[in-house]
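When the letters of the sequence shown are read in order and numbered with the numbering used here, they come out as residues 669 to 793. Using N, Cα and C, we set each Cβ at its ideal position, and we do this for glycine too. These figures come from a predicted structure and were not determined experimentally. Down below is the structure, laid out as structure tokens.
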Amino acid sequence: MFPKTGNTFQNDNSKLNSQVEYREAIWSALTDELGGTHQAAKTTMRWTGVSERTARNWISGTHAPAGEHLVELMRNSDAVLSAVLALAGRKEAHAFMRLDLVRAELQSMLKAIDTIEGQGRPGVD
669 MFPKTGNTFQ
679 NDNSKLNSQV
689 EYREAIWSAL
699 TDELGGTHQA
709 AKTTMRWTGV
719 SERTARNWIS
729 GTHAPAGEHL
739 VELMRNSDAV
749 LSAVLALAGR
759 KEAHAFMRLD
769 LVRAELQSML
779 KAIDTIEGQG
789 RPGVD
């Protein structure tokens with residue numbers, strides 16, 4: 669027969685800390701991008717389809733989004749996307765995504781410059 673060793677409960681503060689860190693990261697991203705105004709709550713509601721109370725809770729940092737609401741915030745907010753990638757230890761992924769956007773924008777601008785220069789020169793089609 670095995671001796672009874674008793675029940676032990678793990679006090680996992682790391683999970684609590686990560687929840688607080690996540691909530692604060694989303695709060696910071698939303699307030700940096702949208703501010704803390706009533707309009708910020710309305711914008712968040714429009715992006716995610718949540719109630720005004722839920723949006724205000726996210727913006728005030730008392731609660732954080734999960735699941736499909738987080739995905740919608742990431743789709744609409746570069747600040748939230750960057751915050752989530754940083755929490756996941758993948759901040760460089762956002763930088764590479766931004767590089768692709770910058771590259772495409774630069775190519776478009778170079779084409780526009782070439783067109784303008786071509787129109788300004790006599791005898792150049």
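Please go through the same chain and pick out, in chain order, the residues whose beta-carbon is closer than 8 angstroms to the beta-carbon of residue i, but skip the five residues on each side of it.
| i | result |
| --- | --- |
| Ala693 | Ala751, Val752, Ala754, Leu755 |
| Ile727 | Trp695, Leu698, Thr699, Leu702, Gly704, Ala708, Ala709, Thr712 |
Please report the straight-line C-alpha distance between residue i and residue j, rounded to a whole angstrom.
| i | j | result |
| --- | --- | --- |
| Phe770 | Ala780 | The residue you asked about is not Phe; residue 770 is Val in the sequence shown. One C-alpha to the other measures close to 15 angstroms. |
| Arg691 | Ala697 | 10 angstroms |
| Arg758 | Met765 | 12 angstroms |
| Glu720 | Gln687 | 22 angstroms |
| Glu773 | Met742 | 22 angstroms |
| Ile650 | Leu749 | Residue 650 lies beyond the stretch modelled for the chain, which goes from 669 to 793, so this question has no answer here. |
| Trp715 | Met777 | 30 angstroms |
| Pro733 | Leu767 | 28 angstroms |
Check residue i in the structure and name its three-state DSSP category.
| i | result |
| --- | --- |
| His731 | coil |
| Lys747 | The residue asked about is misnamed: residue 747 is Ala in this sequence, not Lys. Ala747 falls in the helix class under three-state DSSP. |
| Gly717 | coil |
| Arg758 | coil |
Leaving out five residues on either side along the sequence, give the residues of the same chain with a beta carbon under 6 angstroms from the beta carbon of residue i.
| i | result |
| --- | --- |
| His731 | Asn725 |
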